[in-house]
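Here is the structure we will look at, set down as structure tokens.
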Amino acid sequence: MRQPACDDHGVRTEPTILHVDLDAFYASVEQRDKPSLRGKPVVVGGVGGRGVVATASYEARAFGVHSAMPTAEARRRCPNAAFLAGRFHAYRDTSRVVMDLLRSISPLVEPLSLDEAFVDLVAADLPDHSVATVSGLARDLKRRVENVTGGVHGSVGIGSSKLIAKIASDLDKPDGLVVVAPGMERDLLRPMQVTVIPGVGPATAERLRRVGVHTVEELEQLTVDELVRMLGRAHGTGLFALARAEDDREVHPEREAKSISVEDTYDTDHADKRLLEALLERQAGKVTERLRKARLSGRTVSIKVRLHDFSTLSRSATLPEPSDDGRQIARIAKALLADLDTSGGVRLLGVGVSGLADWIQEDLFADDEVPEPEIDADTDAAIAAAQRRRGWVPGMDVEHTEHGRGWVWGAGRGVVTVRFETAETGPGRVLSLAVDDPDLSAFRPPEA
DNA sequence: TCTGGGGTCCTAGGACCC
DNA sequence: TCTGGGGTCCTAGGACCC
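Per our numbering, residue 4 is the first one in the first sequence, and the count goes up by one each step.
Structure below.
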């Protein structure tokens, strides 16, 4: 493959990165599939009491409806719109068709979501990378996108970097096409608001505003040190470079998933622990299903809890080895929830798995793989250390040499109570024992 | 009827190890 | 025995993106 031509910052000097963004994607697919919706306001998103808008058709946008707006507000602004919950299989199918089309242009395609992707034109079959040539390619691409999707159109931006291509695709929406000529990048950015730079959201914009920075040109006046002090190492240095259109990020095809999660917001807050546990269990089941479908297993189980006041808590526990066992994932999730005060009511609950490994767990816990912890005099510290060393996580399966399989009910934080449910005493029996002696040989179930 | 659901990346602090 | 420093892993939270 050809190497892109670069300047001394590693930034390309030819417009070889293309960004496609399908216009009002979910709503467009709905209008394509239901002719009665064409030309009318369509809102796709959560239709429940606490739903928000995912996508509004351009007809709905004319009424001030936009994504992330509460659906209730959208109903007030545009009562005659069609409010739809969304048909994600249709969106995924259409997305796949578009991504395949992109891959026929260049093998280097990086999808960002169902409706967006970068394409590296250095790997495309082109005579040159002049503005005229890439413009021609983009016009042809837009036509083909409409053809293969049956009428969904997209906006295309082309530039010398991901930053410029992405900003360019947004300049002429919908159905737009913008190629930024090499050398014009900084002139394009300077008058724009800092929020055009991906990664500058409300919090960063507010911090910048407080020091009088609104535009990219004003952002250029800040030194790296100032930005790092304000925003942290990574964000500060990154933003310093992007403000100058210095962006050498590559197009990465096939990025692997790092986590899988499921979350639900309920129409009313739930405070009942038993109900919350049941909901968590169901979510753990969904996560496990997706994990297994992808032939993955994960080492860290997390829960997310949003309380009645919208404050959000997360708790996680990491197993010694990856798991794809739904019962174990559910148990860990419930054990993590047990430590939280949810008496005020919960509006959102979620379960996730990360630390994904590319294989399915067989039987990992051969006894000799778990080193016996060495125990010294200081009780609490020793037990806490032993728990960490064994990787005891509440909810995890535990092999007990003498008494068969069980699972940990509570452990950690210097707490010395661990419960087993063992095969020996029959299913469903929860045995508990207090380990107030650091000698783990005392660690055995009481009489059944 | 304020504020979804699926993700990614970063930070900061503590524990632990060498 | 005391004093570190650096690297890594883990957890909780926050910002951001579509």
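For glycine and all other residues, C-beta sits at the position ideal for the given N, C-alpha and C.
Please read these numbers as outputs of a predicted model, since none were measured by experiment.
Nearest to L282 by alpha-carbon distance, out of R252, R334, R210, is R334.
Within the DSSP bridge table, the entry for F121 names H22, E113 as partners. Cβ atoms of A336 and V354 come within 8 Å of each other, at about 5 Å. Between the alpha carbons of T226 and D190 lies a distance of about 19 Å.
The beta carbon of G89 sits closer than 8 Å to the beta carbons of Y29, V47, G48, A57 from its chain, once the five residues preceding and following it are set aside; these are given in chain order. Note on the segment 210-289: whole beta strand (DSSP E) runs with a minimum of 3 residues are 262-273, in chain order. Judged by their CB atoms, A168 and G160 are nearer to each other than the 8 Å cut-off. R293 places its beta carbon 8 Å or farther from that of I332. The alpha carbon of E220 has as its nearest neighbour, out of T240, L245, L166, G204, the alpha carbon of L245. The alpha-carbon of V183 is positioned some 12 Å away from that of D175. The three-state reading of DSSP puts I161 in strand, counting E and B together. As the crow flies, the alpha-carbon of S133 is around 40 Å from that of L40. Taking the Cα of Q224 as reference, the smallest distance to any Cα among G139, T97, L242, L299 is reached at L242. If you check the CB distance, S163 and P185 come in under 8 Å.
Take A127, set aside five residues on each side of it, and the residues of its chain with a beta-carbon closer than 6 Å to its own are I108, S109, in chain order.
Relative to I200, the option among T16, H238, E266, A59 whose CA is nearest is H238.
One thing to note: V396 has its Cβ no nearer than 8 Å to the Cβ of L316. For V354, the uninterrupted beta strand (DSSP E) run begins and ends at 349-360, by DSSP. For E324, the enclosing beta strand (DSSP E) begins and ends at 315-326. For K37, no beta strand (DSSP E) encloses it, and the DSSP letter there is neither H nor E. The beta carbon of T16 sits closer than 7 Å to those of A8, C9, D10, S163, P185, all from its chain and outside the five residues before and after it, given in chain order. Between the alpha carbons of A360 and D24 lies a distance of about 31 Å. As computed with DSSP, G48 is found in a beta bridge with V56. Cβ atoms of G154 and R64 stay farther apart than 8 Å, at about 18 Å. Counting only the Cα atoms, A59 lies some 6 Å from V68.
Distance between L105 and A274, taken at the CA atoms: about 48 Å.
The C-beta of D327 has 16 or more other C-beta atoms within 10 Å across all chains shown, which makes the residue buried.
Q196 carries a strand assignment under DSSP once its states are collapsed to helix, strand and coil. Within the segment 51-105, complete alpha helix (DSSP H) segments of at least 4 residues are found at 61-64, 74-80, given in chain order. Its Cα nearest to that of T136, the residue P18 stands out among A287, E284, P18. With contacts defined as CB atoms closer than 8 Å, L351 and T291 fail to qualify as a contacting pair. Secondary structure note for V308: it is in no alpha helix (DSSP H), and the uninterrupted beta strand (DSSP E) holding it is 300-310. Measuring C-alpha to C-alpha distances from M233 to each of R213, E188, A93 identifies R213 as the nearest.
Judged by their CB atoms, A77 and V32 are not nearer to each other than the 8 Å cut-off. Collapsing the DSSP output to three states places D190 in a helix.
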